[in-house]
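One line per chain: the protein sequences are A and B, in this order.
One rule links them: number in the working numbering = place in the first sequence (from 1) + 20.
One rule links them: number in the working numbering = place in the second sequence (from 1) + 20.
Glycine included, every Cβ here is placed at the ideal spot set by N, Cα and C.
Take a look at the structure set out below.
Protein chains: 2
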Amino acid sequence: MSILVVGSVAFDTVHTPFSKAERVLGGSASYFSVSASFFSPVRLVAVVGEDFPNDYIEILKMRKIDISGLTIAKGKTFFWEGRYELDFNNPKSISTCLNVFSNFSPFIPSTYKNSKYVFLANISPYLQEKVLEQVNKPRLIASDTMNYWIDNEKEALVRLLKKVDIFFLNEMEAKKLTEENNLVKAGNRILKFGPKKIVIKRGEYGAILFSSDSKFYIPAFLLDNVVDPTGAGDTFAGGFMGYLASKKRLSESIFKEALIYGTIMASFIVEDFSLNRLLSIKKADISERIKEFKKLTSV
Amino acid sequence: MSILVVGSVAFDTVHTPFSKAERVLGGSASYFSVSASFFSPVRLVAVVGEDFPNDYIEILKMRKIDISGLTIAKGKTFFWEGRYELDFNNPKSISTCLNVFSNFSPFIPSTYKNSKYVFLANISPYLQEKVLEQVNKPRLIASDTMNYWIDNEKEALVRLLKKVDIFFLNEMEAKKLTEENNLVKAGNRILKFGPKKIVIKRGEYGAILFSSDSKFYIPAFLLDNVVDPTGAGDTFAGGFMGYLASKKRLSESIFKEALIYGTIMASFIVEDFSLNRLLSIKKADISERIKEFKKLTSV
Chain A
21 MSILVVGSVA FDTVHTPFSK AERVLGGSAS YFSVSASFFS PVRLVAVVGE DFPNDYIEIL
81 KMRKIDISGL TIAKGKTFFW EGRYELDFNN PKSISTCLNV FSNFSPFIPS TYKNSKYVFL
141 ANISPYLQEK VLEQVNKPRL IASDTMNYWI DNEKEALVRL LKKVDIFFLN EMEAKKLTEE
201 NNLVKAGNRI LKFGPKKIVI KRGEYGAILF SSDSKFYIPA FLLDNVVDPT GAGDTFAGGF
261 MGYLASKKRL SESIFKEALI YGTIMASFIV EDFSLNRLLS IKKADISERI KEFKKLTSV
Chain B
21 MSILVVGSVA FDTVHTPFSK AERVLGGSAS YFSVSASFFS PVRLVAVVGE DFPNDYIEIL
81 KMRKIDISGL TIAKGKTFFW EGRYELDFNN PKSISTCLNV FSNFSPFIPS TYKNSKYVFL
141 ANISPYLQEK VLEQVNKPRL IASDTMNYWI DNEKEALVRL LKKVDIFFLN EMEAKKLTEE
201 NNLVKAGNRI LKFGPKKIVI KRGEYGAILF SSDSKFYIPA FLLDNVVDPT GAGDTFAGGF
261 MGYLASKKRL SESIFKEALI YGTIMASFIV EDFSLNRLLS IKKADISERI KEFKKLTSV
């Protein structure tokens with residue numbers, strides 16, 4: 021089944037302690053789309069500027085992503101520049117130029133409205149709400165967020181969560197949103213906001229699938245070579261949602277498998293800058309790493 | 021089979037953001053012994069001062085720990101005082117008074133010399149070496165360490181590791197010891213020092229069992245109420261070693277199960293100050309939590 025994703029498509033300039041990438045393809049919706057496209061058809065809604073190169077559009081097309089919802093607006097594409105330190109944790113933002121993204125108001129094409137799966141990538145909760153007003157009863161709605169919205173638009177975010185089935189956020193965000201330092205308590209509190217399930221991302225430490233009647237913990241897939249963690253969270257969500265949308269029926273064990281697929285897709289993305297690594301793999305590489313992961317985590 | 025443990029038995033005063041415990045039973049060997057005693061006979065070598073209360077000795081006896089190697093020396097017992105912040109990560113040491121521990125030179129009673137399992141808790145690598153000189157070909161030697169020895173006695177530590185089968189250390193220590201920021205690379209480098217297996221402890225994020233031909237990753241058992249993480253690492257090692265020593269034959273899957281037992285024993289210890297929680301449980305509580313853990317981590 022098709023997944024509608026609404027988010028950013030951007031230029032990223034990334035500095036790591038070992039290397040640098042300039043104006044590469046980035047943005048939450050790019051990472052999500054390419055990752056999900058390995059499993060299910062993806063419909064993208066985003067905006068770029070006139071400076072957005074055709075080569076980058078070709079990448080999305082190559083992955084058979086429906087880009088009829090990608091608007092090319094007058095002006096420049098969203099640009100982000102950041103620097104990672106040795107621990108590859110939260111990058112320090114050097115610059116964030118919203119450019120055409122500052123006027124972004126998501127318009128859902130009529131051919132997208134019947135999408136059964138919806139992923140609201142990290143954009144303002146007001147815009148996330150606007151997306152939901154334009155779609156026809158999707159089977160499953162998922163959303164992501166970031167610290168910025170928790171700090172500045174918490175009320176709108178909490179209102180949105182009433183309409184969301186699966187909420188993706190990282191550990192720090194979960195604690196910030198609930199002002200609760202214990203992760204289990206934070207998770208339980210977020211469930212009360214409305215989502216049926218939450219996915220707590222813990223970076224190199226793994227992820228947790230959290231619902232009122234079930235929990236599932238997994239470690240991350242450790243790598244001996246991490247190049248750039250940018251986009252790992254969106255790639256994770258793409259693998260998770262793509263896997264779900266590829267299934268006729270959803271069950272608890274399908275959701276658990278989805279968490280593993282998210283983990284594995286994220287493990288690929290960090291091995292190179294931008295989407296490079298994901299664009300170099302085949303479905304068999306994913307299955308192989310899933311198998312390896314299960315071996316690494318089974319008694 | 022019996023496990024010989026050499027380490028500290030101490031008084032701890034612990035401050036957390038929510039509470040405080042004064043001069044409670046602590047020390048690496050106390051935590052290790054009580055934890056391991058659920059699975060195998062334990063023989064303890066340590067030193068305390070004349071101020072060490074009989075009640076604390078009774079606790080060790082109650083757990084059927086052989087204390088014929090516990091010396092009561094003239095002077096005061098090792099005392100540590102520390103404070104945890106909200107994140108319950110590394111505590112800030114307020115005071116560390118070695119007292120009688122500063123003259124500690126481990127003497128292994130003749131009745132201990134045939135111990136098949138040896139655990140060298142976190143003491144100077146010189147003292148750890150002295151222990152090994154006094155035992156008769158144990159089946160398995162494990163050791164722990166801390167940042168202090170890596171910073172100040174790295175050469176002696178690396179020399180000791182040649183004689184060690186299983187080396188326990190936390191993630192930060194692994195990176196520090198190898199001056200390598202990537203955990204997989206750090207693990208591989210430590211294996212070259214000599215240990216056949218290493219156990220990398222990641223606190224609330226889980227643990228890794230690492231050998232040249234096999235790896236096993238598990239998350240931690242998350243709790244909604246953490247009171248005091250003091251002793252979690254030693255309790256982990258106690259569960260791991262105790263479980264191993266209870267088995268006739270060691271196999272890869274026994275080592276993996278041991279990692280789970282270590283995780284579960286550590287999950288109990290953090291639920292209260294000192295050894296209180298561990299002293300309140302029965303073996304059935306352990307089995308139950310092991311079962312719960314396997315459910316939480318299985319698809």
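Point to revise | Cross-chain neighbours of A/Lys276 in chain B, by beta carbon under 9 Å | key: In the first sequence, residue 276 of chain A corresponds to position 256, counting from 1. Residues of chain B with a Cβ closer than 9 Å to the Cβ of A/Lys276 are, in chain order, Ser318, Val319.
**Study point:** Segment limits, beta strand (DSSP E) that includes A/Ala162
**Key:** Position 142 of the first sequence, counted from the first residue, corresponds to residue 162 of chain A. Element bounds for A/Ala162: 160-163.
Point to revise | Runs of beta strand (DSSP E) lying entirely within the region 242-282 of chain A, each at least 3 residues, in chain order | key: Counting whole runs of 3 or more residues, the region 242-282 of chain A contains no beta strand (DSSP E) stretch at all.
Practice item. Go to B/Lys45, then tell me how far its beta strand (DSSP E) extends in each direction, as first and last residue. Key: By 1-based counting over the second sequence, the position of residue 45 of chain B is 25. According to the sequence provided, residue 45 of chain B is Leu. The question's Lys does not apply to it. Looking at the DSSP string, the run of the beta strand (DSSP E) that includes B/Leu45 is 40-46.
Practice item. May I ask you to report which of helix, strand or coil DSSP gives B/Val120? Key: Here residue 120 of chain B refers to the residue found at position 100 of the second sequence. Look at B/Val120 here: in three-state DSSP terms it is helix.
Check your understanding: So what's B/Phe230 in DSSP terms, helix, strand or just coil?
Key -> Taking the first residue of the second sequence as position 1, residue 230 of chain B is located at position 210. The answer is strand: DSSP assigns B/Phe230 an E or B state.
Exercise for review: Could you tell me the boundaries of the beta strand (DSSP E) in which B/Lys303 lies?
Suggested key: Counted from its first residue, the second sequence places residue 303 of chain B at position 283. Where B/Lys303 is concerned, there is no enclosing beta strand (DSSP E), although the alpha helix (DSSP H) it sits in stretches over 303-316.
Check your understanding: Rounded to the nearest angstrom, how far is the Cβ of A/Val219 from that of A/Phe188, given a contact under 8 Å?
Key -> The sequence position of residue 219 of chain A within the first sequence is 199, counting from 1. The sequence position of residue 188 of chain A within the first sequence is 168, counting from 1. About 5 Å; that satisfies the 8 Å criterion.
**Study point:** Buried/exposed call for B/Ala304, threshold 16 Cβ in 10 Å
**Key:** Along the second sequence, one-based indexing puts residue 304 of chain B at 284. The residue in question, B/Ala304, is exposed, as its Cβ has fewer than 16 Cβ neighbours within 10 Å.
Point to revise | Simplified DSSP state of A/Ala340, which is helix, strand or coil | key: No information on residue 340 of chain A is available, as it lies outside the stretch 21 to 319 that chain A covers here.
Check your understanding: How should B/Ser48 be labelled, buried or exposed, when 16 other C-beta atoms within 10 angstroms of its C-beta is the threshold for buried?
Key -> For this step, residue 48 of chain B is matched to residue 28 along the second sequence. Buried: at least 16 other Cβ atoms inside 10 Å.
Point to revise | Whole-angstrom distance between A/Phe256 and A/Asp192, CA atom to CA atom | key: By one-based count along the first sequence, residue 192 of chain A stands at place 172. By one-based count along the first sequence, residue 256 of chain A stands at place 236. A small fix is needed here, since residue 192 of chain A is Met in this sequence, not Asp. One C-alpha to the other measures close to 17 Å.
Review point. Quick one: is B/Val285 buried, meaning 16 or more other Cβ sit within 10 Å of its Cβ, or exposed?
Key: Here residue 285 of chain B is taken as the residue at index 265 of the second sequence, counted from 1. Looking at the sequence provided, one finds Met at residue 285 of chain B rather than Val. By the 10 Å Cβ count, B/Met285 comes out buried.
Check your understanding: Would you report the Cα separation of A/Ser234 and B/Lys205, rounded to the nearest angstrom?
Key -> Stepping through the first sequence from its first residue, residue 234 of chain A is reached at position 214. Stepping through the second sequence from its first residue, residue 205 of chain B is reached at position 185. Our two residues, A/Ser234 and B/Lys205, have alpha carbons roughly 35 Å apart in a direct line.
Practice item. Determine, using beta carbons only, whether A/Phe236 comes closer than 8 Å to chain B. Key: Numbered from 1 along the first sequence, position 216 holds the residue referred to as residue 236 of chain A. Judged by the 8 Å Cβ criterion, A/Phe236 is in contact with chain B.
Review point. In whole angstroms, what is the alpha-carbon distance linking B/Val25 and A/Leu270?
Key: By 1-based counting over the second sequence, the position of residue 25 of chain B is 5. By 1-based counting over the first sequence, the position of residue 270 of chain A is 250. Rounded to whole angstroms, B/Val25 and A/Leu270 show a C-alpha spacing of 50 Å.
Exercise for review: Compute the Euclidean distance between the alpha carbons of B/Lys195 and B/Leu203, then round it to the nearest angstrom.
Suggested key: Here the question's residue 195 of chain B lines up with position 175 in the second sequence. Here the question's residue 203 of chain B lines up with position 183 in the second sequence. Those two C-alpha atoms are separated by around 7 Å.
Exercise for review: Would you list the one or two residues that DSSP bridges to B/Glu200?
Suggested key: In the second sequence, counting from the first residue as 1, residue 200 of chain B sits at position 180. None, per the DSSP bridge assignment.
Check your understanding: The alpha helix (DSSP H) with A/Pro151 in it runs from where to where?
Key -> Start at 1 with the first residue of the first sequence, and residue 151 of chain A comes out as number 131. This sequence places Val at residue 151 of chain A; Pro is not what is there. Taken as a continuous stretch (DSSP letters only), the alpha helix (DSSP H) holding A/Val151 covers 145-153.
Practice item. Compare the C-beta of B/Val34 against all C-beta atoms of chain A and say whether one is closer than 8 Å. Key: Within the second sequence, residue 34 of chain B is the residue found at index 14, counting from 1. At a cut-off of 8 Å between beta carbons, B/Val34 makes no contact with chain A.
Point to revise | At least 3 beta-carbon pairs within less than 8 Å: the region 246-255 of chain A vs the region 37-54 of chain A | key: The region 37-54 of chain A and the region 246-255 of chain A touch, with three or more beta-carbon pairs separated by less than 8 Å.
Point to revise | Between the CA atoms of B/Asp244 and A/Pro126 - distance to the nearest angstrom | key: Residue 126 of chain A sits at position 106 when you count from the first residue of the first sequence. Residue 244 of chain B sits at position 224 when you count from the first residue of the second sequence. A/Pro126 and B/Asp244 have their C-alpha atoms some 39 Å from each other.
**Study point:** Neighbour list for B/Arg309 in chain A, Cβ cutoff strictly below 9 Å
**Key:** Within the second sequence, residue 309 of chain B is the residue found at index 289, counting from 1. Ordered by position in chain A, no residue passes the 9 Å Cβ test against B/Arg309, which lies about 14 Å from the chain.
Check your understanding: Near A/Gly46, what residues of its chain come up, given a Cβ to Cβ distance below 6 Å and the 5 sequence neighbours on each side ignored?
Key -> Residue mapping note: residue 46 of chain A aligns to position 26 of the first sequence, counting from 1. Excluding positions up to five away in sequence, the list reads Ala30, Asp32.
Review point. Out of curiosity, what's the CA-to-CA distance linking B/Glu101 and B/Leu242?
Key: Working through the second sequence from its first residue, we reach residue 101 of chain B at position 81. Working through the second sequence from its first residue, we reach residue 242 of chain B at position 222. The straight-line gap from Cα to Cα measures roughly 26 Å.
Exercise for review: Within the same chain, show all residues whose beta-carbon is closer than 7 Å to that of B/Thr97, passing over the 5 residues directly before and after it, in chain order.
Suggested key: Here residue 97 of chain B refers to the residue found at position 77 of the second sequence. Excluding sequence neighbours, B/Thr97 sits near Ala30, Phe31, Val68, Gly69, Asp71, Phe72, Asn119, Val120.
Point to revise | the region 88-96 of chain B contacting the region 298-313 of chain B, beta-carbon criterion three pairs below 8 Å | key: Verdict: no, contact absent.
Review point. Can you name the start and end residues of the alpha helix (DSSP H) that A/Leu80 belongs to?
Key: By 1-based counting over the first sequence, the position of residue 80 of chain A is 60. That run of the alpha helix (DSSP H) goes 74-82.
Check your understanding: B/Asp71 by DSSP, collapsed to three states: which one?
Key -> Position 51 of the second sequence holds residue 71 of chain B. If DSSP states are grouped into helix, strand and coil, B/Asp71 belongs with coil.
Check your understanding: How would you label A/Thr131, buried or exposed, when you count the other beta carbons within 10 angstroms and need 16 or more for buried?
Key -> Translated into positions along the first sequence, residue 131 of chain A becomes position 111. Counting C-beta atoms within 10 angstroms of its own C-beta, A/Thr131 has fewer than 16 neighbours from the protein chains shown and is therefore classed as exposed.
Review point. Between B/Phe230, B/Thr116, B/Glu272, which lies nearest to B/Asn190 when the distance is taken from Cα to Cα?
Key: Numbered from its first residue, the second sequence carries residue 190 of chain B at position 170. Check the Cα spacing between B/Asn190 and each of B/Phe230, B/Thr116, B/Glu272: the tightest is with B/Phe230.
Point to revise | Nonlocal neighbours in the same chain, by C-beta distance under 6 Å from B/Leu264, ignoring five residues either side | key: As a position in the second sequence, residue 264 of chain B is number 244, starting the count at 1. Excluding sequence neighbours, B/Leu264 sits near Ala278.
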